[in-house]
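Here is the structure we will look at, set down as structure tokens.
2 protein chains.
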Amino acid sequence: MSSRGRPVVTSHADIERAAFRLFAERGFEGTTLDAIAEAVGVGRRTLFRYFDSKNDIPWGQFDRTLDGFRSILAGMPDDLPVWEAVHRGVVEFNRFDPEADPPHRERMELLLRTPALQAHSVLRYADWRQVIAEYVAQRLELRPDGLLPETVSQVSLALALSGYQLWLADEEASLTDLLEEAMSSLREYLELG
Amino acid sequence: MSSRGRPVVTSHADIERAAFRLFAERGFEGTTLDAIAEAVGVGRRTLFRYFDSKNDIPWGQFDRTLDGFRSILAGMPDDLPVWEAVHRGVVEFNRFDPEADPPHRERMELLLRTPALQAHSVLRYADWRQVIAEYVAQRLELRPDGLLPETVSQVSLALALSGYQLWLADEEASLTDLLEEAMSSLREYLELG
DNA sequence: CCACTATTGGCACCGAGTGTCGAAACACGA
DNA sequence: TCGTGTTTCGACACTCGGTGCCAATAGTGG
Chain D
1 MSSRGRPVVT
11 SHADIERAAF
21 RLFAERGFEG
31 TTLDAIAEAV
41 GVGRRTLFRY
51 FDSKNDIPWG
61 QFDRTLDGFR
71 SILAGMPDDL
81 PVWEAVHRGV
91 VEFNRFDPEA
101 DPPHRERMEL
111 LLRTPALQAH
121 SVLRYADWRQ
131 VIAEYVAQRL
141 ELRPDGLLPE
151 TVSQVSLALA
161 LSGYQLWLAD
171 EEASLTDLLE
181 EAMSSLREYL
191 ELG
Chain A
1 MSSRGRPVVT
11 SHADIERAAF
21 RLFAERGFEG
31 TTLDAIAEAV
41 GVGRRTLFRY
51 FDSKNDIPWG
61 QFDRTLDGFR
71 SILAGMPDDL
81 PVWEAVHRGV
91 VEFNRFDPEA
101 DPPHRERMEL
111 LLRTPALQAH
121 SVLRYADWRQ
131 VIAEYVAQRL
141 ELRPDGLLPE
151 TVSQVSLALA
161 LSGYQLWLAD
171 EEASLTDLLE
181 EAMSSLREYL
191 ELG
């Protein structure tokens, strides 16, 4: 089917590896697309056929994980309170493969500590949030663009981000634990007084 | 003191007005810096002496409002539960001048509906979040970069964003009301008193 | 009238991103 | 074996945002 025509000379994974190596050496801003293209052994123009922008390279194939996220949420028992279902779903979604290459920690460090990527990433988070908003809407029979689904999706992202932030600050920390702690510290915070 | 040297030929407000007019006509992406420079009657190079980037123009003089935000929080009674002090502070901070030019609604519509600005804005939110994290840390005698202050600042932003989102969707809505509703819907969602 | 000073604006340059188009490299059927 | 169709590749030219540099400008004050 797709075996006709000129064969591809590279892949998302190829580019990702070469790019991460350069990012580690010279930093994200210090690495030009020309340098990546050269390292991969491909024309600069070709990079854009695999990734929409330089900012998208560190994200890899993130889109593909969203179906998995949807499944995780859909599989949550209906008798679980919505907030707990969402919370467990988020925690589950962030159980990454410890053998991943590039390592999850390296990827997230790049994404969350590089200003240009911090900024660009909100555009990627949007799809992730949409998954949550739709789940909440479906569970509570609301419109996905209503206040509660929207709020929940934003707050879930907020909790994940602060969990990741602390995780990055501590080499030994467990991401799962920190995501749990973020949620429980929010609950305590709101119960004060 | 500052009256020596060549006098300025424009101002932040000048540029902002000209830019907003063009953004309204041709959209943000469709407006080049050359066009703005020409409309203001100034060299393109000069624009960068007033704003760090094109993305910063819609934000205007946002930095300057942060001191006000700090004062608002500092003025909150100490016997108020922290979460409520922060919440009231956020609501108070978002009481904008209805006569503002450009109008607050137009500005926020641009900022929250233009992808490039949605992305870039997280870099501006960072300072705003820092104000909250520091207040929470001070009130609870914690480090500002600890989990709770970080989480609270992220969640406060999340609540504000979802309030704004719904506000933009409804011409008649009150931002203050929606910020209140965002907080109360979160509390219900988390099944708290 | 002469320094001094701060802003301006032009120029050259870099890097990301896009549109276009011909060429390369394969599979397949004649 | 030789086209033919198909798909990817890569080069080129171009736009736009952003930066470094520097001379010119237009004031103030002695």
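Order-wise, the sequence lines are chains D and A.
First residue of the first sequence? That's 1 in our numbering, and the numbers climb one at a time after it.
First residue of the second sequence? That's 1 in our numbering, and the numbers climb one at a time after it.
Quick reminder that beta carbons are idealized off the backbone N, C-alpha and C, glycines included.
None of these values were measured; they are calculated from a predicted model.
- The Cβ atoms of residue 61 of chain D and residue 12 of chain D lie closer than 8 Å to each other.
- Counting of Cβ neighbours within 10 angstroms places residue 43 of chain D among the exposed residues, the total staying below 16.
- In this structure, residue 148 of chain D and residue 157 of chain D do not form a Cβ contact; the two beta carbons are roughly 15 Å apart against a cut-off of 8 Å.
- Taking 7 Å as the upper bound on Cβ-Cβ separation, chain D lies near residues 115, 118, 119, 120, 122, 123 of the segment 115-130 of chain A.
- One Cα belongs to residue 18 of chain D, the other to residue 189 of chain A, and the distance between them is close to 44 Å.
- The residues 28, in chain order, have a CB closer than 7 Å to that of residue 114 of chain D in the same chain once the five nearest residues on each side in sequence are set aside.
- In the DSSP assignment, residue 132 of chain D falls within the unbroken alpha helix (DSSP H) covering 115-140.
- If you look at residue 188 of chain A, you'll find it in the alpha helix (DSSP H) that goes 175-189.
- When C-beta atoms of the segment 82-100 of chain D are compared with those of the segment 164-179 of chain D, three or more pairs fall below 8 Å, so the two segments count as touching.
- Rounded to the nearest whole angstrom, the C-alpha separation of residue 137 of chain D and residue 74 of chain D is 12 Å.
- Nearest neighbour of residue 20 of chain D by Cα position, chosen from D:106, D:112, D:165, turns out to be D:106.
- Residue 49 of chain A is classed as exposed because its beta carbon has fewer than 16 other beta carbons within 10 Å across all chains shown.
- Judged by beta-carbon spacing, residue 108 of chain D lies within the 8 Å limit of residue 164 of chain D, meaning their Cβ atoms are closer than that value.
- DSSP places residue 149 of chain A in the helix class (H, G or I) of the three-state scheme.
- Per DSSP, residue 59 of chain A lies in no alpha helix (DSSP H) and is assigned neither H nor E.
- With a cutoff of 8 Å on beta-carbon distance, residue 155 of chain D and residue 69 of chain D are scored as not near each other.
- Annotated three-state conformation of residue 11 of chain A is coil, per DSSP.
- With respect to chain D, the C-beta atom of residue 165 of chain A has a partner C-beta closer than 8 Å.
- In this structure, residue 9 of chain D and residue 86 of chain D do not form a Cβ contact; the two beta carbons are roughly 42 Å apart against a cut-off of 8 Å.
- Close to residue 152 of chain A, with beta-carbon spacing below 8 Å, are these residues of chain D in chain order: 186, 189.
- The beta carbon of residue 174 of chain D sits no closer than 8 Å to any beta carbon of chain A.
- For residue 181 of chain D, at least one C-beta of chain A is nearer than 8 Å to its own C-beta.
- Excluding sequence positions up to five before and after residue 192 of chain A, its CB lies less than 6 Å from no other CB in the same chain.
- Residue-level contact by beta carbon fails for residue 53 of chain A and chain D, as no gap is shorter than 8 Å.
- Residues of chain A whose Cβ lies closer than 9 Å to the Cβ of residue 159 of chain D are, in chain order, 151, 154, 155, 158.
- Listed by position along chain A, the residues whose Cβ is nearer than 8 Å to that of residue 83 of chain D are 189, 190, 191.
- Cβ neighbours of residue 91 of chain D within its own chain (closer than 8 Å, five residues either side excluded): 176, 179, 180.
- For residue 42 of chain A, the secondary structure class from DSSP, reduced to helix, strand or coil, is coil.
- Burial is judged here by how many other beta carbons sit within 10 angstroms of a residue's own beta carbon; residue 32 of chain D has fewer than 16 and is exposed.
- With a cutoff of 8 Å on beta-carbon distance, residue 110 of chain A and residue 118 of chain A are scored as not near each other.
- For residue 147 of chain D, the nearest CB of chain A lies under 8 Å from its own CB, placing it at the interface with that chain.
- Sequence-distant partners of residue 182 of chain A (beyond 5 residues in either direction) whose C-beta falls short of 7 Å from its own C-beta, in its chain, are 159, 162, 163.
- For residue 3 of chain D, not one C-beta of chain A is nearer than 8 Å to its own C-beta.
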